[in-house]
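Below is one structure, written out as structure tokens, with a few remarks after it.
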């Protein structure tokens, strides 16, 4: 049993490390795309709308927040609307997870 726990711990650590590497790569890619493609409010909002669809998979949260932080500098009022949308999506996810856990 101890061997199984050690093996599982090793797998979890390796998975976490790989995920952290992927997350760092994703952050760099998002920064590059922001600099290259998101030069006005209309372009930023198109990307924000697309990323909103990825929030339920959790993979869209980090790039969404990254772009949202940038958008705050471009158009704060519009960015606040997208911040509210993110909060709503996260609340829906949390409710869904609680419903699932509670059976």
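Numbering (my numbering), first residue to last: 1060 to 1162.
Backbone N, C-alpha and C fix where the C-beta goes; we use that ideal spot for every residue, glycine too.
What alpha helix (DSSP H) runs, 4 residues minimum, are completely inside the region 1074-1157? Those alpha helix (DSSP H) runs which fall completely within the region 1074-1157 and span 4+ residues are 1100-1111, 1120-1133.
Whole angstroms is fine: what's the gap from residue 1109's alpha carbon to residue 1131's? Along the chain shown, one-based indexing puts residue 1109 at 50. Along the chain shown, one-based indexing puts residue 1131 at 72. Those two C-alpha atoms are separated by around 18 Å.
Under the rule that 16 or more other beta-carbon atoms within 10 Å means buried, what is residue 1151, buried or exposed? What you label residue 1151 is simply residue 92 of the chain shown in a count that begins at 1. Looking at its Cβ environment, which holds fewer than 16 other Cβ atoms inside 10 Å, residue 1151 is exposed.
Alpha-carbon to alpha-carbon, residue 1100 and residue 1125: On the chain shown, residue 1125 is found 66 positions in, with the first residue counted as 1. On the chain shown, residue 1100 is found 41 positions in, with the first residue counted as 1. Rounded to the nearest angstrom, the two C-alpha atoms are 15 Å apart.
Once the 5 residues before and after residue 1144 are set aside, which same chain residues still bring their CB inside 7 Å of it? Working through the chain shown from its first residue, we reach residue 1144 at position 85. If the five residues before and after residue 1144 are omitted, its C-beta is found closer than 7 Å to the C-beta atoms of 1111, all from its own chain and listed in chain order.
For residue 1133 and residue 1069, the rounded distance between their alpha carbons: The residue you call residue 1069 lines up with position 10 of the chain shown. The residue you call residue 1133 lines up with position 74 of the chain shown. If you draw a straight line from the Cα of residue 1069 to the Cα of residue 1133, it comes to about 44 Å.
Using 7 Å as the cut-off, classify the Cβ of residue 1138 as near or not near the heavy atoms of the ligand SAH, replying yes or no. Among the ligands in the structure shown, none appear at all, so the ligand SAH cannot be discussed.
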